[in-house]
Amino acid sequence: MITWMRRNLFRSITDTILTVISGSILGYVIFQVFQFVFITGRWEIIQVNLKILLVGRFPEELMFLVGFSILATCFSIASLASGMNRPIDQPPTLAGKLWGLFQRFGLIIATSAFLIVLAGDMAAVLFGAYVVLSIFAGRLFGLARRNTVLKRLPGWLWVAINATLPLVLIFLTMGQAALEEWGGFLINFYLAVVSIALSFPLGVMLALGRRSTLPLLRWLSTAYIELIRGAPLFVLLLLAGVALEFFIPASIAPDAIFRAVTVFTLFTAAYLAEVIRGGLQSIPKGQAEAGKALGLSTFRITFLITLPQALRNVIPAQIGQFISLFKDTTLAGVALSVFDLLNVGTAITKQDDYLGQGLIYESLAFVGLLFWVGSYVMSRESQRIEKKLGVGIR
Amino acid sequence: MSPQLSTPRKVPFFRDIRTLKWALQILALLAVFAMLYWLYGNYQENVAKSSIQTDLRFLDNPANFTIPGNDLDQSQPVRDAFVEGFLNTLRVAFIGIALATILGTLIGIARLSKNFMVRTLGTVYVELVRNLPLLLLLTFMNLAVVLQAFPRIENAWLPLDLFVVSNRGIAIPWFIGSPAQLGIGILSAALLAFVVAKIRIRQADKTGKQDRAWLVGIATFVVLVILIWLLFGYGWELPYVDGRGTTGGLRLDPSFFALVASLVIYTSSHIAEIVRGSILAVSRGQGEAADAIALSGSQKMRLIILPQAFRIAMPALGNQYLNLIKNSSLGATISYFELTQIAQITVGNGSPAVPAFSLTLLVYLAISLVTSLVVNFFNRRLALVER
Amino acid sequence: MLDSVIAAGSVRCGTRDALPGFAVLNDSGEHVGFDSDFCRVIAAAVLGDANAVEMIDLETADRFTALQSGAIDVLVRNTTWTATRDGSEGANFLQPTFYDGQGMMVTSDSGYSKISAMNGAIICVAKGTTTEGNAALESSRLGLNWEIRSFDETDLILEAFLAGQCDGWSSDVSQLTGLRSAYPNGSDALTILPEVFSKEPLAPAVLDGDTAWAQAVNWAILATIQAEEFGITSANVDSIRDTTEDVGILRFLGAEVPGSDGAAVLDPNLSLPTDFAYQVVKQVGNYGEIFARHLTPLGLDRGLNSLWNDGGILYAPPYR
Chain A
1 MITWMRRNLF RSITDTILTV ISGSILGYVI FQVFQFVFIT GRWEIIQVNL
51 KILLVGRFPE ELMFLVGFSI LATCFSIASL ASGMNRPIDQ PPTLAGKLWG
101 LFQRFGLIIA TSAFLIVLAG DMAAVLFGAY VVLSIFAGRL FGLARRNTVL
151 KRLPGWLWVA INATLPLVLI FLTMGQAALE EWGGFLINFY LAVVSIALSF
201 PLGVMLALGR RSTLPLLRWL STAYIELIRG APLFVLLLLA GVALEFFIPA
251 SIAPDAIFRA VTVFTLFTAA YLAEVIRGGL QSIPKGQAEA GKALGLSTFR
301 ITFLITLPQA LRNVIPAQIG QFISLFKDTT LAGVALSVFD LLNVGTAITK
351 QDDYLGQGLI YESLAFVGLL FWVGSYVMSR ESQRIEKKLG VGIR
Chain B
1001 MSPQLSTPRK VPFFRDIRTL KWALQILALL AVFAMLYWLY GNYQENVAKS
1051 SIQTDLRFLD NPANFTIPGN DLDQSQPVRD AFVEGFLNTL RVAFIGIALA
1101 TILGTLIGIA RLSKNFMVRT LGTVYVELVR NLPLLLLLTF MNLAVVLQAF
1151 PRIENAWLPL DLFVVSNRGI AIPWFIGSPA QLGIGILSAA LLAFVVAKIR
1201 IRQADKTGKQ DRAWLVGIAT FVVLVILIWL LFGYGWELPY VDGRGTTGGL
1251 RLDPSFFALV ASLVIYTSSH IAEIVRGSIL AVSRGQGEAA DAIALSGSQK
1301 MRLIILPQAF RIAMPALGNQ YLNLIKNSSL GATISYFELT QIAQITVGNG
1351 SPAVPAFSLT LLVYLAISLV TSLVVNFFNR RLALVER
Chain C
2001 MLDSVIAAGS VRCGTRDALP GFAVLNDSGE HVGFDSDFCR VIAAAVLGDA
2051 NAVEMIDLET ADRFTALQSG AIDVLVRNTT WTATRDGSEG ANFLQPTFYD
2101 GQGMMVTSDS GYSKISAMNG AIICVAKGTT TEGNAALESS RLGLNWEIRS
2151 FDETDLILEA FLAGQCDGWS SDVSQLTGLR SAYPNGSDAL TILPEVFSKE
2201 PLAPAVLDGD TAWAQAVNWA ILATIQAEEF GITSANVDSI RDTTEDVGIL
2251 RFLGAEVPGS DGAAVLDPNL SLPTDFAYQV VKQVGNYGEI FARHLTPLGL
2301 DRGLNSLWND GGILYAPPYR
């Protein structure tokens, strides 16, 4: 212990000075944060407004649909994860396994527990219990698939069965409530997921187009990509806010969410195209040549051989793009007046009960916490996937 | 039996791969043009219904607004306002890029330090800031720091009696005299100092003697600047609180401060990661060779590792600089009069929306292209010439 | 436009959601205010039902583009009628509902008593409104060297004002009065300086090029002014219609007027139902009632907004 300290902290005079300075900075910051969070912070504003922060003005009667969607999603994810082949590097002891789970999901569990404590009513605690139950049930379901006759089910059927229930519930929920009533954290998530899903096909086409041997296609794709990448997302959103209605027939009246999704999709497609192009460039030429030797058409070579490998190689970069899109959804709040988490966070400090009391610190701390946990967990998962797939190693 | 020589059958015109390729391209082009034509048609139809302008004539209209910190008269044309906004964006860009690079490099090196405390501090900073949205940082800087933490002008802080800090801005001491003259003076002093240093280096190479050429160069620069200062009679101006504002010195707009601070903090965390990654990417053999010829730690960093790391980092750094320039458009949300704010105001005042915002986009595109060109230029100069 | 509105069964009215007195969202999510009531006036006139209106909240920057693109049928959002807006925004402004002026609001303890004393002050305004230009003009006219900061939303101006970043807040006097009534530190903490430095006629606007729709909306609004001139209120409109002998009032309410060749109802061919004025007054009220309902509680006097025979400039053309 002493040797460790001597080697890492007090190596020389300058080292000692640095240790003292940085140590005191760190200590001061941690002390202030603790004081703010536990002693001086007035968290009532968050507790009272928890619902609009998380889901906006979602109608009360339909909240149970949101709850069911979340439960169904947890169930499906747990069963999908357990139903796959047994991972080889599982720690042997129960304690080891628990520690592994804690490392992976500890942050999410802690944040959810914090939110439940904030909500402070029995309904939230019960809901937390339901989530845990559904995760267990999903895990049992997945184990059942692994160990019983259900093993014979083909992979795609397994995924389809698991995916139907949450997808149906989610569409039902979306259909019931007008999108204007959505808000808070939910709308950030929704915008990010929908935009990246829609931008995928466009991004793949642009990437292939940019690498095409046909000069016109290459020129068109490059022009689009370079134009979008040179433009700030904020200005594009402002433009869509005032100009989109001029470009579409008057019968479709675009609302703010429609504009936001359009811009995010077109924007992300250009960046995704660059990421996928990098992936395509990393595939050795031999793969395509082998395909040609087998007599496959260019179309088949691309979609059966090159593209799958390319996409797999750049999964971490794609997740990185998703994370930055997730953070950029806050721009829709200021440019298009969508009621996203940050917008709601600043708006609640102006409610009659809380105006002018300097509660912006608490509000921004809460908003920052949610975004931080989301981004951090996703980037850690992407690092884990990167290691698991052996990207760059094999 | 003679072998049957099979002559290749002539492929019909419509199955020839070359025609098909061209047909596909022309089809794609037609599809794109058709879509653009449809969009343009909608635009014309909607615009004709409401008799608004679609060209750039609005640039000649009087602006009808003023820009803080600037002498723009409100009867000057919109064009002048756009130029001011563009200059403001450039100001933010230059200062932001400079500060972010310095801070990011320091933190990146700190993350690789052998000192546990320093390393932890760096890691905490990077991990914390990297996962937060920029708009959150900007809102925090504006609402929580500038509006809440900074005092009102009546109770302004006066650190060291040199600065005046309040929520109306930060006033710093500034020189009295012509800025253009001083700028030219500093540039010529720098050039002279550079020449002196180069001469001394060449001398040192010839004679083999150790020479602290760069120190001599910096000393020359400082001496020359002081000479110019005294020669042309420049003076210092200290700011002080005067009623509701500050007099003297240079007042930094509070929104400028919030914008630059949040951009620097955000971008420096990304630059720190890039710097760290590029230092780690320099092959270990280089460091070991440096140890073998008994270079000190700082010499190793300065002469061997950092130059090579810089070469590796250049493209990624250029990308971050572009991001910073594009992110400066968020200044419009806190009333800093950069390009996007000007565009929003003129559109609200009656300029047609599509031409105004398209013009803004084109300007940003031009700035991005120029920056990429500059970065590529440096990249190519630094690139390893492989045998 | 008129046909599409009738076909759709509701009027899409561009408005806002947070200006006390003019348009605020109450707890049940309904729009309440002076402008909101005029939206209902238009609906009552055109469709016969004051609730057949769809309120679309707009940001200041989107006001005109929403009108231009056809996302709204009429803009009733305390918008000033100017020549430039008439010409280059493709908007057609109608009878002003409120003759306003631009004023300045300061904190009561700032010591300012008139605008000319505010030399070198920092003034906060909303982006993209006539207030910016007027403030700049006023500053150069009086040689006051103001620094004008412009923000996206009223909320942001409020934050800056509370923190002391602005010395003055300039906007239409009606807006300032509304904001002052909702100020967190109490309305006594703010003073609206007496000088008014521009003409701000607030008027509804429709899209250029549709005369029938413009006329219909215009006369719907004029009906409220004419009703007050006749002394008709929502309470007494039924009894007046049934008992009056005044031919002018009968024509106005779309009732049968006994004439030499039998009773006839006046139909001036405005593409409105003949009893539109009756519906407007019965369902919403006359101009005085609407004003008293929303603006008098804020402390605004009728001032210029009184009838022409009462010291003001509200004058409806005769309905005949």
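Protein chains in written order, with our numbering: chain A, 1 to 394; chain B, 1001 to 1387; chain C, 2001 to 2320. Just so it is clear, CB atoms sit at the ideal spot from N, CA and C, and this is done for glycine as well.
C-beta atoms of residue i and residue j nearer than 9 angstroms
{"i": "Arg1244 of chain B", "j": "Asp2167 of chain C", "result": "yes"}
{"i": "Ala293 of chain A", "j": "Ala207 of chain A", "result": "no"}
{"i": "Gln321 of chain A", "j": "Val275 of chain A", "result": "yes"}
{"i": "Ser1093 of chain B", "j": "Val1078 of chain B", "result": "The residue you asked about is not Ser; residue 1093 of chain B is Ala in the sequence shown. No, Cβ-Cβ distance for Ala1093 of chain B and Val1078 of chain B is not below 9 angstroms."}
{"i": "Ile170 of chain A", "j": "Leu341 of chain A", "result": "no"}
{"i": "Phe1058 of chain B", "j": "Ile1345 of chain B", "result": "no"}
{"i": "Val1260 of chain B", "j": "Gly1096 of chain B", "result": "yes"}
Residue from the options with nearest C-alpha to residue i
{"i": "Val373 of chain A", "options": "A:Leu294, A:Ile257, A:Leu331, A:Leu115", "result": "A:Leu115"}
{"i": "Gly2048 of chain C", "options": "C:Leu2300, C:Gly2303, C:Thr2274", "result": "C:Thr2274"}
{"i": "Phe1310 of chain B", "options": "B:His1270, B:Asn1327, B:Phe1378, B:Gly1235", "result": "B:Phe1378"}
{"i": "Ala1180 of chain B", "options": "B:Tyr1234, B:Thr1105, B:Ile1153", "result": "B:Tyr1234"}
{"i": "Leu945 of chain B", "options": "B:Phe1194, B:Gln1308, B:Asp1253, B:Ile1170", "result": "Here chain B has residues from 1001 to 1387 only, and residue 945 of chain B is not among them."}
{"i": "Leu2307 of chain C", "options": "C:Gly2299, C:Leu2298, C:Pro2317", "result": "C:Pro2317"}
{"i": "Tyr354 of chain A", "options": "A:Ile21, A:Leu236, A:Gln47", "result": "A:Gln47"}
{"i": "Leu107 of chain A", "options": "A:Ser382, A:Leu369, A:Gln281, A:Ile385", "result": "A:Leu369"}
Cut-off 6 angstroms between Cβ atoms - residues of its own chain near residue i, not counting five sequence neighbours on either side
{"i": "Gly2014 of chain C", "result": "Ile2056, Leu2058, Ala2066, Ile2072, Leu2075, Arg2077"}
{"i": "Gly1108 of chain B", "result": "Ala1272, Val1275, Arg1276"}
{"i": "Pro1012 of chain B", "result": "none"}
{"i": "Val1374 of chain B", "result": "none"}
{"i": "Ala1353 of chain B", "result": "Val1347"}
Neighbourhood of residue i by C-beta distance below 7 angstroms, restricted to the same chain and skipping five residues each side
{"i": "Arg1387 of chain B", "result": "Confidence at Arg1387 of chain B is low in this model, with a pLDDT of 46, below 50, so the placement of that residue should be treated as unreliable; the coordinate-derived value is given next. Correct list: empty, nothing qualifies."}
{"i": "Ala2135 of chain C", "result": "Ile2123, Val2125, Trp2146, Ile2148, Ser2170"}
{"i": "Gln2095 of chain C", "result": "Ala2203, Asn2218, Ile2221, Leu2222"}
Within-9 angstroms CB hit, residue i to chain A
{"i": "Gly2070 of chain C", "result": "yes"}
{"i": "Lys1021 of chain B", "result": "yes"}
{"i": "Leu2158 of chain C", "result": "yes"}
{"i": "Gln1025 of chain B", "result": "yes"}
{"i": "Pro2184 of chain C", "result": "yes"}
{"i": "Phe1150 of chain B", "result": "no"}
Neighbouring residues, chain C, relative to residue i (Cβ below 7 angstroms)
{"i": "Leu1330 of chain B", "result": "Ordered by position in chain C, no residue passes the 7 angstroms Cβ test against Leu1330 of chain B, which lies about 12 angstroms from the chain."}
{"i": "Leu280 of chain A", "result": "Neighbours of Leu280 of chain A on chain C: none; closest Cβ ~40 angstroms, over 7 angstroms."}
{"i": "Ser337 of chain A", "result": "Glu2059"}
Same chain, Cβ closer than 8 angstroms to residue i, neighbours up to 5 away in sequence not counted
{"i": "Cys2039 of chain C", "result": "Val2011, Cys2013, Thr2015, His2031, Val2053, Met2055, Val2074, Val2076"}
{"i": "Gly2101 of chain C", "result": "Asp2172, Val2173, Val2196, Phe2197, Ser2198, Lys2199, Glu2200"}
{"i": "Arg210 of chain A", "result": "Arg218, Ser221, Thr222, Ile225, Ala273, Arg277"}
C-beta neighbour in chain B for residue i, strict 9 angstroms
{"i": "Tyr376 of chain A", "result": "yes"}
{"i": "Leu2019 of chain C", "result": "no"}
{"i": "Ile248 of chain A", "result": "yes"}
{"i": "Lys327 of chain A", "result": "yes"}
{"i": "Arg2085 of chain C", "result": "yes"}
{"i": "Thr213 of chain A", "result": "yes"}
{"i": "Glu2147 of chain C", "result": "yes"}
9 angstroms Cβ cutoff, residue i in contact with chain C
{"i": "Arg1387 of chain B", "result": "Interpretation of Arg1387 of chain B is limited by its pLDDT of 46, a score under 50 that renders its predicted location unreliable; the figure taken from the coordinates is listed afterwards. False, the Cβ-Cβ gap to chain C never drops below 9 angstroms."}
{"i": "Leu126 of chain A", "result": "no"}
Chain-ordered neighbours of residue i on chain C, where CB pairs are closer than 8 angstroms
{"i": "Val242 of chain A", "result": "Ala2061, Asp2062, Thr2065"}
{"i": "Asp1073 of chain B", "result": "Ser2140"}
{"i": "Ala1353 of chain B", "result": "Thr2065"}
7 angstroms Cβ cut-off: residues of chain B touching residue i
{"i": "Arg42 of chain A", "result": "Neighbours of Arg42 of chain A on chain B: none; closest Cβ ~14 angstroms, over 7 angstroms."}
{"i": "Thr330 of chain A", "result": "Pro1133, Leu1135, Leu1136"}
Partners in chain A for residue i, counting only beta-carbon separations shorter than 9 angstroms
{"i": "Asp2155 of chain C", "result": "Thr346, Ala347, Lys350"}
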